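There are 2 protein chains.
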Amino acid sequence: MRDDEEMGRITLAQVAEKAGVSISTVSKVLNGRQDVAAPTRVKVERLLETHAYRRTARSSREAPLIEIVFHELDSIWAMELIRGVENVAKANQASVVLTESGTRHSPAPDWVEGVLQRRPIGVVLVFSALPQEVKQQLRSRSIPFVIIDPAGDPDPDVPSVGSANWNGGLAATRHLIELGHRRIGIITGPEDMLCSLARLDGYRSAMSMAGLETGPGLVRYGDFHVEGGFDRAVEMLRLPEPPTAIFAGSDLQALGVLEAARVSGLRVPHDLSVVGYDDVPVARWSSPALTTVHQPLRQMAEEAAQMLLRLRTEEASATRLELATSLVVRNSTAAPATRD
Amino acid sequence: MRDDEEMGRITLAQVAEKAGVSISTVSKVLNGRQDVAAPTRVKVERLLETHAYRRTARSSREAPLIEIVFHELDSIWAMELIRGVENVAKANQASVVLTESGTRHSPAPDWVEGVLQRRPIGVVLVFSALPQEVKQQLRSRSIPFVIIDPAGDPDPDVPSVGSANWNGGLAATRHLIELGHRRIGIITGPEDMLCSLARLDGYRSAMSMAGLETGPGLVRYGDFHVEGGFDRAVEMLRLPEPPTAIFAGSDLQALGVLEAARVSGLRVPHDLSVVGYDDVPVARWSSPALTTVHQPLRQMAEEAAQMLLRLRTEEASATRLELATSLVVRNSTAAPATRD
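So the protein sequences, as listed, match chains V and X.
In terms of full-length UniProt numbering, the first sequence is numbered consecutively and its last residue is 340.
In terms of full-length UniProt numbering, the second sequence is numbered consecutively and its last residue is 340.
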């Protein structure tokens, strides 16, 4: 039983005594085994937490695995993030364990049991927030974790990697202004995601600095999917004074805008300029190829995995790493055509 | 040492004696441990193979993991296949281990060591062929494996899942013929992949059954990427008698054809009809949305993972499962415009 030799501020024997259970039961809880009654597990977890039990050294049972957990694998981001973690794993002779679990905000309750059994090097979470209990369980087993948070809403006491959403919104809008556009629409993401609001604020600042108005019809909230981009663009293009350019807030929404332009008989970029956000591979493949804001997703995942490796040897501290975004100009933007 | 108790036709002690090494060394080789000299490892592997050592029961150390191994994660297929395996894993309280490794045809040599250490439920390989040695290593440890082979070139003695490429090529071409097209071009995949040849043969059969010619300028080999589709389409559209429709052989190649049409000033589908192949998500998102041949990638991965679960309890046999393909009609195909 390896756990006996690795003590923090309280020994396993002390926890067992306080909980009125055997040392082997405490060890089972620590290792995420299923064969412990729920009330016993809760009691032991609480004692471990209260007394800040922490392994002083990594167990020799640590497996060469890096875990990555998504709430939604369908996300177009997912593949880029997997690539980044896989790159770091490969360079360190580790493999990647992939889980799709839970809601947008946190993993499913039973997920943590699996992690405790597998004893990975660490966990990369693609979530905005983690329940306190899950954090405590991972910490008490010295399993490092880092949040990748493209949504820009980081948990303050967990190391996380994000990117500069406000600057991205600003750069996209400035590009359109510099091309000569004056009526510029924005379709940002859902209203309850900080990254949507940050991109919108970047747009507003660029417009305001150029002395341009952002009429109410020109600011809309999408869903970060093709359908939302299409629907909001159709609405905007039907305005009495439609925009000559749309900052689409995500590449998928930009694809929806391209389709809205096509069914409206508008050519991109001649009749309508479109800027995406993310620079996922489809941005290069669309026709025309999208001008977009590059969010360095693969690099964000690499940084998160590198953080895990560092956290094995150093004490965890809540670092926030924010990577820069940058505008990539392709073929979906041009100077506005002079109309009638 | 668990291996002692699980004997096939030869015991570990017998292998050790023949190899002139200790039982613990044989056990290390079996478990993929690194601390065995290469010549010793080779000698022990050969003896295990010659004497058909096989565990008679699954080890209790089996981990609730299903492995999936790709030669190239960048493939647009990858996400769909991961989703399929993840669906089955989740339903069986297992996690997915992901590896990118090796060439198009087989995994890297050191990959198998990791698998032997992890002891997964089984391995899904996205490769055309496996080296004999790797097969023997997995078999001697009773680790089931199944090949997903969208390329249509299965290893005859390994269970595999593919799809009906010839029928897909036939259906795509018939659809264009039924719309009234007579000059139909094809951009199939690389010349050295069976799936490319099967799709091309399906096209040829449909053309021939309709009494139509397939001029040499109308049959081209691409790379299954956007660039190949673009380059080959530009060539075809410059022919003295360009095609009115192109069967693009993959969705990515179809996106390249859309861009070639755009830069040539042709509208899709009015001036040029385009059919893709695969039905990956971008097929729905392109503008116009692609008519394409649905290859059930997610379902293929689910079937492969289900096969693994069955292989745990049944003796492995080389099954080939071929799933049906089907035409999905969207907005990139129409009757040919009458040209002056």
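All residues carry an ideal CB built from backbone N, CA and C; glycine is no exception.
Predicted model, so just to flag it, every value in this text is computed and none were measured.
Of all residues in the region 131 to 159 of chain X, none comes within less than 9 Å of chain V when Cβ atoms are compared. At least one C-beta of chain X is nearer than 8 Å to the C-beta of V/V96.
Contiguous alpha helix (DSSP H) elements confined to the region 70 to 96 of chain V occur at 78 to 91, taking only those with 4 or more residues. A straight line joining the alpha-carbon of V/S264 with that of V/V112 spans about 50 Å.
If you ignore the 5 residues before and after V/L272, its C-beta comes within less than 6 Å of the C-beta of A261 and L266, all in its own chain and listed in chain order. Residue-level contact check: X/I177 does not touch chain V, since none of the beta carbons of chain V fall below 8 Å from its beta carbon. In this structure, DSSP gives X/L239 a state outside helix and strand, which the three-state scheme calls coil.
As computed with DSSP, V/D278 is found in a beta bridge with V/H294. Cβ contact annotation for V/A94 (same chain, cutoff 7 Å, sequence separation greater than five): P64, L65, I66 and I121, in chain order. Looking at the DSSP output, V/I148 sits in a beta bridge with V/V161. Per the DSSP secondary-structure output, X/G122 pairs in a beta bridge with X/I66.
In the structure shown, the three-state DSSP call for X/F230 is helix. Around the beta carbon of X/E259, 16 or more other beta carbons sit within 10 angstroms, so the residue counts as buried.
Residue environment analysis places X/A206 among the buried positions, since at least 16 neighbouring C-beta atoms fall within 10 angstroms of its C-beta. Between V/V124 and V/V146, the CB-CB gap stays under 8 Å.
Taking 8 Å as the cut-off, the Cβ atoms of X/A164 and X/T325 count as close. Neighbours of V/L73 across chain X, judged by C-beta separation under 8 Å: M79, I82, R83 and E86.
Counted as a single uninterrupted DSSP element, the stretch harbouring X/E322 is not any alpha helix (DSSP H) but the beta strand (DSSP E) occupying residues R320 to L323.
For V/P296, the closest alpha carbon among the candidates V/V274, V/A78 and V/S196 is that of V/A78. Interface with chain X (8 Å Cβ-Cβ cutoff): V/E100 is included.
Fewer than three beta-carbon pairs drawn from the region 79 to 87 of chain V and the region 20 to 32 of chain V are found closer than 8 Å, and the two stretches are therefore not classed as touching. DSSP, reduced to helix, strand and coil, places X/G185 within a strand of the structure shown. Taking a 10 Å sphere around the C-beta of V/D35, we find fewer than 16 other C-beta atoms and assign the residue as exposed. The beta carbon of X/P144 sits closer than 7 Å to the beta carbons of G122, L308, L311, R312 and A316 from its chain, once the five residues preceding and following it are set aside; these are given in chain order.
Using a C-beta cut-off of 8 Å, the region 200 to 214 of chain X makes no contact with the region 224 to 242 of chain X, since fewer than three inter-stretch Cβ pairs fall below that distance. V/I68 and X/G20 have their C-alpha atoms spaced approximately 44 Å apart. For V/V26, no beta strand (DSSP E) run applies; the uninterrupted alpha helix (DSSP H) run containing it begins and ends at I23 to L30, by DSSP.
Flagged as an interface residue toward chain V: X/G114, by a C-beta distance shorter than 8 Å. Contact annotation for X/V219 against chain V: no contact, minimum CB-CB distance about 24 Å [criterion: below 7 Å].
The criterion of a C-beta distance shorter than 8 Å is not satisfied by X/G169 and X/L218. Near chain X, meaning a CB-to-CB distance below 9 Å, the residues of the region 276 to 288 of chain V are P281, V282, R284, W285, S286, S287 and P288. The straight-line gap separating the alpha-carbon atoms of V/G180 and X/Y277 is approximately 40 Å.
Under the Cβ distance rule, X/L239 does not count among the residues neighbouring chain V, no pair being separated by less than 8 Å.
The criterion of a C-beta distance shorter than 8 Å is satisfied by V/G162 and V/E322.
Here X/S332 has V268, P269, V274, P288, L290 and T291 as same chain residues with Cβ atoms under 6 Å from its own Cβ, once five neighbours each way along the sequence are excluded.
Looking at the backbone, the Cα of X/D251 and that of X/V158 are separated by about 29 Å.
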